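Line by line, the protein sequences are chains A and B. Going by my numbering, 23 is the number at position 23 of the first sequence; the sequence numbering is gapless. Going by my numbering, 1086 is the number at position 86 of the second sequence; the sequence numbering is gapless. Idealized CB from N, CA, C, for every residue including glycine. Bear in mind that the values here come from a model prediction, so they are computed numbers and not experimental data. Let me begin by presenting the structure, written as structure tokens, before commenting on it.
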Amino acid sequence: ELKVEQNPLFLSMQEGKNYTIYCNYSTTSDRLYWYRQDPGKSLESLFVLLSNGAVKQEGRLMASLDTKARLSTLHITAAVHDLSATYFCAVDSRGTYKYIFGTGTRLKVLA
Amino acid sequence: NAGVTQTPKFQVLKTGQSMTLQCAQDMNHEYMSWYRQDPGMGLRLIHYSVGAGITDQGEVPNGYNVSRSTTEDFPLRLLSAAPSQTSVYFCASSSGAGSVKTQYFGPGTRLLVL
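Structure representation (structure tokens):
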């Protein structure tokens, strides 16, 4: 059974600081997705990581994937208040269309 | 393109009532899915479909039925609503082609079962 774990579940950080969100998954998968959700809103795609060693960057967010360790990280550089949201990682089981989401990391950036 | 649309946005049901949550997409996506989102539990897959006429169960399928008669529509039916089904429901779709299968989410339906 595919399981996806994120940590931390909640993160409060000061503007300008750096931090990393971790996403571990339990079985083989070649694709890992990161999504953002603002309060009361739907989910928006941030990154798709397709292979071992893949790194994607958009603004102050950078995501990476280590398929051997079954680990993805979402690194936040010099956080700003606009990054406050809940971030989810998701994995699809190899050969299926079953996407399994992590529990999410609620990020709050304090001014 | 409207993307993924869901109706209604909000619904209140009494225990035992039935209803259908509607989901439609205009991107000609093969894959569609339904999730429920509960506080502290992330999104859990209810049912999914890889094309018209093909559906399968996700992590939490009990109490829900789906069908996929067209590529565009993927309704979710609650046969006899229970308070445990109070949640926010999201529909999503993605292309089945290629290796990038990013899902596009609808705005969600907030359901309260009394």
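Using beta-carbon positions only, say whether residue i and residue j come within less than 8 Å of one another.
i                  : j                  : result
Leu32 of chain A   : Val91 of chain A   : yes
Glu15 of chain A   : Ala79 of chain A   : yes
Gly1108 of chain B : Phe1090 of chain B : yes
Thr1020 of chain B : Arg1077 of chain B : yes
Leu2 of chain A    : Thr27 of chain A   : yes
Ala1082 of chain B : Tyr1035 of chain B : no
Tyr97 of chain A   : Tyr1104 of chain B : no
Gly1106 of chain B : Ser42 of chain A   : yes
Phe1074 of chain B : Met1027 of chain B : no
Ser1069 of chain B : Ser1018 of chain B : no
Glu86 of chain A   : Leu11 of chain A   : Note that residue 86 of chain A corresponds to Thr in the displayed sequence, not to Glu. Cβ atoms of Thr86 of chain A and Leu11 of chain A: not closer than 8 Å.
Leu61 of chain A   : Asn24 of chain A   : no
Glu1059 of chain B : Ala1024 of chain B : no
Tyr35 of chain A   : Ile76 of chain A   : no
Please report the Cβ distance between residue i and residue j, rounded to the nearest whole angstrom; I am assuming they are in contact, meaning their Cβ atoms lie under 8 Å.
i                  : j                  : result
Leu65 of chain A   : Ile21 of chain A   : At roughly 13 Å, the Cβ-Cβ gap does not stay under 8 Å, so Leu65 of chain A and Ile21 of chain A are not in contact.
Ser1087 of chain B : Asp1056 of chain B : So it is not a contact: roughly 20 Å between Cβ atoms.
Count the other CB atoms, across all protein chains shown, that sit within 10 Å of the CB of residue i; report buried if there are 16 or more and exposed otherwise.
i                  : result
His81 of chain A   : exposed
Gln1006 of chain B : buried
Val1113 of chain B : buried
Ile1046 of chain B : buried
Leu199 of chain A  : Outside the shown range of chain A (1 to 111) lies residue 199 of chain A, about which nothing can therefore be said.
Leu160 of chain A  : Coverage of chain A is limited to positions 1 through 111, which leaves residue 160 of chain A absent and any answer about it impossible.
Ile1054 of chain B : exposed
Gln37 of chain A   : buried
Gly59 of chain A   : exposed
Ser29 of chain A   : buried
Lys17 of chain A   : exposed
Val1004 of chain B : buried
Gln57 of chain A   : exposed
Lys68 of chain A   : exposed
With a threshold of 8 Å, are at least 3 pairs of Cβ atoms found where one atom belongs to the stretch 1042-1051 of chain B and the other to the stretch 95-107 of chain A? yes
Would you call the stretch 1007-1015 of chain B and the stretch 1058-1072 of chain B in contact, with 3 or more CB pairs under 8 Å? no
What runs of the beta strand (DSSP E), each 3 residues or longer, lie entirely inside the stretch 1060-1090 of chain B? 1064-1066 and 1076-1078
Output the residue ranges of the alpha helix (DSSP H) runs that lie fully inside the stretch 49-95 of chain A and measure 4 residues or longer, sorted by chain position. Those alpha helix (DSSP H) runs which fall completely within the stretch 49-95 of chain A and span 4+ residues do not exist here.
Interfacial residues, the stretch 97-111 of chain A to chain E, with Cβ spacing under 8 Å: Absent from the structure is chain E; the protein chains it does hold are A and B.
Only counting runs of 3 or more residues, tell me where the beta strand (DSSP E) segments fall wholly within the stretch 1006-1042 of chain B, in order along the chain. Within the stretch 1006-1042 of chain B, the runs of beta strand (DSSP E) at least 3 residues long that lie entirely inside it are, in chain order, 1010-1013, 1019-1025 and 1031-1037.
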